[in-house]
Amino acid sequence: MTEETRLKAPVLAKMSSDKVFCYLSMALFLALPVVEIITELLGKFKIKVIGPRPPYPSYFQPYVVAVFGALLALAIILNVISRIVNGKFKLYVADIFFVTLFIFMLLSMIFSVNPGVFAGGSKYYCERPEIFLCYYCLYYAGTMIEDSGLRKKMLYTYFIVALIQGVVAFLQTFRIEIHYCLFLYNRASTKAAYGLLQNTNFYGALSLVFVAAVSGLFIFSSVLFRSKHIKWVFFAAALLLFYTMLASYSRLAWLGFAGMICTYIISFIVMRKSTMDKAKLKKIVTDFLIMCGGFLVVILITTLATNIVTSRVEETANDTLARVGDDNFGHGRGRIWRAGINSIPKHWVTGIGLDNYAQAFRELPDWQKGQFIQDKGHNEYLHTLVTQGVFALINYLAVLIYAAVNAVKRIIKETDDVKRCLLWIFLVIFAAYACQAILNSSVLNVAPYFWIIIGLLTPRTKPITFKKR
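Sequential numbering of the sequence shown, starting at 3, is according to the working numbering.
Shown next as structure tokens:
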């Protein structure tokens, strides 16, 4: 190694440190709602900035994600170079997954039935290669952030974004909007909350993530914060977000919320046998019960004052198990899933094409031009299987399982309570999103908040070794 190379190594390491990954990710998460507010104001007041017309809602969202994806990719390249230059390059499982995610994404794009077509071309709906670049780079970034201080800052960022989205969504329940909604489901009430996402189901998923994050800050406040008063700020914010989650009329958010509660209950049972101080654990459980009490009060008030809960319960009752195989099950999910499953035998290796789910409808034996087509699988796991193939799904599930299993192990064995509780919150967020993904679609202004969580749960503690026999 030359003297010049030795001098450059620390500079490269500094330009691709955990702080850089953390702050870039935080900037992305803050930019998404802030840019959307500006976009909607420009549209509302008919101010032209690009093209002959004012921008419509969500116009700049894909550009924001793509730009930060490129910045994160640059940081990753510098990080790899610095690790090599330092002569201390170590390969981790996270690095392997980062590469395999890209490989399967590229293969599905290259061998697509409709090359260059992604979700029908809808800008705010489709996930182009540059969007996946951002997802995978956020995963890598999350694996690099181990410092507890930085992890707290990440949660604070979620809290700030949650407040922005929550206030906007709350006002929408009184029909107070910045501009208009591109796509609002035909709900029993026109006061549905969609935040800054243009879709009630997508807001349901994002608000669920924020409910898990902010309520987690309250539940673990006895360990994470010295102040006894700040916890009640998180408590109030969590209740606001929970109400807007209900007001999205999104039943898939209920599924994720159930996953969140079950994760807490199971983890408390497991942690009773851990080395964690029992007094601290008791305080955490007590705050969890207080949080649940708050959720129940919100449900009660919402039920008495609106039709949100009752209408969703009635619709769920109509979607009986006997209709799971019916095309109309779950707002047409039966038909969407049938089309996707039908395409698997023919395209099982590389999938039908990256984010090209609509092609599965065209290949149905009974489909005719002009009939119903859907660009998303409304099940993230099925969508991955159909669009990227069996091996891509196996790889994706391996990424999720590896992250979750290692997070559970670390929570049980961790001796630093702050690190333990932060990891615990991330695991709950992970579980909530993973559950709702069974009925929802991945979209570019929600998925980023999940991909970094996967990385934050994935350890870089034991490098892969190749021992000679």
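Each residue gets a CB set at the ideal place from its N, CA and C atoms; glycine is no exception.
Taking one beta carbon from each stretch, the segment 131 to 142 and the segment 97 to 107 have 3 or more pairs nearer than 8 Å; the two touch.
With contacts defined as CB atoms closer than 8 Å, N442 and A77 fail to qualify as a contacting pair. Per DSSP, the continuous alpha helix (DSSP H) segment holding T304 begins and ends at K280 to A307. In this structure, A360 is the residue among I396, K378, A360 and I301 with its C-alpha nearest to the C-alpha of G372. With a cutoff of 8 Å on beta-carbon distance, I133 and V67 are scored as near each other. The alpha carbon of F259 has as its nearest neighbour, out of L157, V287, F212 and L219, the alpha carbon of F212. Between the segment 374 to 392 and the segment 328 to 345 there are three or more C-beta pairs closer than 8 Å, enough to call the two in contact. Within the same chain, Cβ atoms closer than 7 Å to the Cβ of L135 are found at G71 and A75, the five residues on either side in sequence being excluded. Our two residues, W426 and N203, have alpha carbons roughly 26 Å apart in a direct line. In the DSSP assignment, W426 falls within the unbroken alpha helix (DSSP H) covering D419 to Q438. Here DSSP, grouped into helix, strand and coil, assigns F62 to coil. Closest in C-alpha terms to E148, from the list K282, R422, F363 and A362, comes R422.
If you compare the alpha carbons of Y196, K348, Q390 and A436 with that of F120, the shortest gap goes to Q390.
Here the alpha carbons of P35 and Q167 stand approximately 7 Å from one another. Where R412 is concerned, the enclosing alpha helix (DSSP H) starts and stops at V392 to K415.
One alpha carbon belongs to F161, the other to R364, and they sit about 43 Å apart. Inclusion of F220 and D279 in the CB contact set at 8 Å is not warranted, their separation being larger than that value. Per the C-alpha coordinates, the member of I346, S276, Y451 and A194 positioned closest to N309 is A194. By the Cβ rule, the segment 113 to 130 does not count as touching the segment 428 to 437, because fewer than three pairs are nearer than 8 Å.
Cα atoms of Y205 and N344: separation of roughly 30 Å, rounded to the nearest angstrom. The beta carbons of L109 and T318 sit about 39 Å from each other, so the pair does not count as a contact at 8 Å. In terms of Cα proximity to I39, the closest of M156, L152, V170 and V87 is V170.
Between H385 and the set A449, G342, A214 and L14, the nearest pair of CA atoms involves G342.
Approximately 6 Å separates the beta-carbon atoms of I454 and S27; this is inside 8 Å, confirming the contact. Here W256 carries a helix assignment [DSSP, helix/strand/coil]. Distance check between F428 and each of A405, A249 and N116 places A405 closest, using alpha-carbon atoms only. In this structure, D419 and V225 form a Cβ contact; the two beta carbons are roughly 5 Å apart against a cut-off of 8 Å.
Taking V287 as the centre and dropping the five residues before and after it, the same chain places the C-beta of F270 closer than 8 Å to its C-beta, in chain order. Contact between S209 and T246 holds: CB atoms are separated by about 5 Å, below the 8 Å threshold. Shown here for Y451: same chain residues with a beta carbon closer than 6 Å to its own, the five before and five after excluded, namely V211 in chain order.
For I375, the secondary structure class from DSSP, reduced to helix, strand or coil, is coil.
If you look at W234, you'll find it in the alpha helix (DSSP H) that goes I232 to A249. Assigned with DSSP and collapsed to three states, G457 falls in helix. In the displayed model, D20 falls within a helix according to three-state DSSP. If only complete runs of 4 or more residues are kept, the segment 150 to 214 shows the alpha helix (DSSP H) at 150 to 174, in order along the chain.
For P465, the closest of K92, Y182 and T175 by C-alpha to C-alpha distance is K92.
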